[in-house]
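Before any comments, here is the structure.
Numbering (the working numbering), first residue to last: 27 to 213.
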């Protein structure tokens, strides 16, 4: 059973399109014999209906943590078109190279040219794992920063210093060239 997560005239971010829109209609999909709708779709005036998983609600506070926790970044293996398993026996995963996927539909992300992968496959594999783990590392950095800022006297100086470094790294991630938030830059 489904419940509506958004309402009419609510401003939402449409992830597949990459833009903000206003919900024009809430479209419950009913099945005979059930008290609640089976699923709910939303018409935002972009030519098709969108599911709840494809929309993000606008928040007045910083929802960057929510965005980071929603991402399902992972390393996938892609076949190497230039070298097969027999030609790349020195690679950690012969015949393939890593691709970091940052979307639920296995789109988007990061990959390297085969020549760069051939030069140092272990380094590229390590970079792929770091990139895939970065949303979780950001979440840990945010939690550490928040905990220390609430009660800095309760933590040893080393932990306070780590929180300061975390705050600086998060600032580098979230601040754009013009000093605006990434949410404002997306609009």
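Every residue, glycine too, gets a C-beta built ideally from N, C-alpha and C. In this text, all values refer to a predicted model and were calculated from it rather than measured experimentally.
Within this structure, are the beta carbons of residue 118 and residue 154 separated by less than 8 Å? no
Give me, in chain order, the residues of the same chain whose beta-carbon lies closer than 7 Å to that of residue 67; leave out the 5 immediate sequence neighbours on both sides. Result list for residue 67: 53, 55, 75, 76 and 77, in chain order.
Are the CB atoms of residue 189 and residue 174 within a distance shorter than 8 Å? In this structure, residue 174 sits near residue 189, with a CB-CB distance shorter than 8 Å.
Confirm, please, whether the CB-CB distance from residue 81 to residue 152 is below 8 Å. No, the Cβ-Cβ distance between residue 152 and residue 81 is not below 8 Å.
Report the CB separation of residue 28 from residue 62 in whole angstroms; it is logged as a contact under 8 Å. 7 Å
Considering only the alpha carbon of each residue, which of 193, 71, 148 and 177 lies closest to residue 167? 193
Does the Cβ of residue 95 have 16 or more other Cβ atoms within 10 Å, making it buried, or fewer, making it exposed? Low local confidence applies: a pLDDT of 47 at residue 95 is under 50, so the model's placement there is unreliable, and no value is given.
Does the ligand ADP have even one heavy atom less than 7 Å from the beta-carbon of residue 201? With respect to small molecules bound, the structure shown includes none, and the ligand ADP cannot be examined in it.
Using a Cβ-Cβ cutoff of less than 7 Å, which residues in the same chain neighbour residue 106 once the five nearest sequence positions on both sides are dropped? Take residue 106, set aside five residues on each side of it, and the residues of its chain with a beta-carbon closer than 7 Å to its own are 114, 121, 122, 123 and 140, in chain order.
Those residues which DSSP pairs with residue 42 across a bridge: DSSP, once it has assigned bridges, lists no residue as partnering residue 42.
Just the Cα atoms here: how many angstroms apart are residue 72 and residue 130? 20 Å
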